[in-house]
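Residue numbers for the sequence shown follow the numbering used here, so the first one is 5 and each next one is one higher.
Positions of the beta carbon are idealized from the N, C-alpha and C atoms, including for glycine.
No experiment lies behind these values; they were computed from the predicted model shown.
Notes for the one structure printed next.
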Amino acid sequence: MRRDVKFVAMGYQELAGWESDDHLAALRTFLASCDRLIGLSKEKSTGGRPPPSPELLDACLEAKKLPAKVDKAGAKAFFETHFSPHIVVHKGKPGLLTAYYEPVLQGSRVPDETYQTPIYKRPADLVTLIEETRAAKAGAMTHGRKTAAGSEPFFTRAEIEQGALKGKGLELLYFAEPVDVFFMHIQGSARVKLTDGTFTRVHYDGKNGHQYSSIGQYLIDKGMMAADKVSLNALKAWLQADRERGKKIMWQNPSFVFFREAPDDGGENGPPGALGVPLTPMRSLAVDPAYHALGTPIFVSAEGMGHVEKSGKFEKLMIAQDVGSAIKGPERGDLYFGSGDAAAKMAGVTKVKGSFVVLLPNPFASSADASRPRP
């Protein structure tokens, strides 16, 4: 149990922006999560993933009973009937929202003068030590390298980029820009236009197990960039301005991601998040699973979002469907904005204070232990 946070009940009438939101869009995203949660509840083993709570499953089963053509009013009534809003109360840092997206990049299956930076398939000797949503709670190393004696830490980013995996046939695709590949690791997926004009997709397939370290924070700590200037776009420009310097800064983050190839659907669906369902632009949210169970509806509020909403206010019911190495804290969220250049531009400048109102399933919300969501 996390004792550093409480979830305090409030009324929907107190929740600014609730009435004007598109609850039907949120319901569709919630239903996608429910399909996965119901499936997980029937499996004998969830692969180390925390099982869905009975209360959230009950809400999912009620959602599945809704008519196929439920309207916005019906969707709003569903959430108000089966969930109660709770303010997140904690003594930690104020809520922080960033955003992520699925890059669309040019790539090649073979290296040449232009395409020289590879992404790698998952090595056969990479072993999962602990399921990643559980590791987020424990702060434990998620992966290691299998050896005759057991397991040991896998190679770091610097070691891999200096040749630790060379000659093993693990190169999956090649790209022209090392900085794009670095941020692809952070985003966890990409659509790739190959040199023959066709598209493919690559998805996250594990990591080396080393803790993620923010290069933005590193630059701030070293006095190399002002805190109010750090954004995705600013970091890209800084890294590209001096290639050798940029490479060494990227090595300050020892975490390294491996990928698998998947068929491309033309961008119709988003990449899968940690819950295993396709992400929905503006409705899927990455959270810290130490505080929030995947599948939980969370109303996210922020100002200073004029690059996304004309009003400057972001007030949307989102669904916790993903996690991220940099997403730590009870009100730390990463908003999924979609695929391509437009999503990239919006995500690249998103770094604002924000707040969560967590919708807890009513049977659980009314219980004596309503101070935290169950995993």
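query: Where residue 230 falls: helix, strand or coil (DSSP); result: coil
query: With 16 other Cβ atoms within 10 Å as the buried cut-off, status of residue 343; result: buried
query: Residue 103 versus residue 318 - alpha carbon distance; result: 12 Å
query: For residue 65 and residue 26, the rounded distance between their alpha carbons; result: 21 Å
query: Close beta carbons around residue 110, own chain, < 7 Å, minus the five adjacent residues each side; result: 180 and 197
query: Every unbroken alpha helix (DSSP H) inside the stretch 128 to 212 [4 residues or more]; result: 136 to 142 and 182 to 191
query: Beta-carbon proximity list for residue 329, same chain, < 7 Å, skipping 5 on both sides; result: 216 and 259
query: Cβ pair count under 8 Å reaching 3, the stretch 72 to 83 against the stretch 12 to 29; result: yes
query: Span of the alpha helix (DSSP H), counted from its first residue to its last, around residue 106; result: It is not in any alpha helix (DSSP H) - residue 106 instead sits in the beta strand (DSSP E) that spans 100 to 106.
query: Distance between residue 305 and residue 242 (C-alpha atoms, nearest Å); result: 30 Å
query: Under 9 Å between C-beta atoms of residue 297 and residue 112; result: no
query: When 178, 123, 62 and 335 are compared against residue 96, the one with the closest alpha-carbon; result: 335
query: Residue 346, DSSP secondary structure in three states; result: helix
query: Through-space distance from residue 145 to residue 348, alpha-carbon basis; result: 30 Å
query: Beta-ladder partner(s) of residue 265, from DSSP; result: 206
query: Beta-carbon proximity check, residue 149 vs residue 268, cutoff 9 Å; result: no
query: Three-state secondary structure (DSSP) of residue 124; result: strand
query: Where residue 23 falls, given that 16 or more other Cβ within 10 Å makes a residue buried; result: exposed
query: Backbone secondary structure at residue 283 - three-state DSSP; result: coil
query: Distance, residue 212 Cα to residue 123 Cα; result: 13 Å
query: Residue 223 vs residue 229 beta-carbon contact at 9 Å; result: yes
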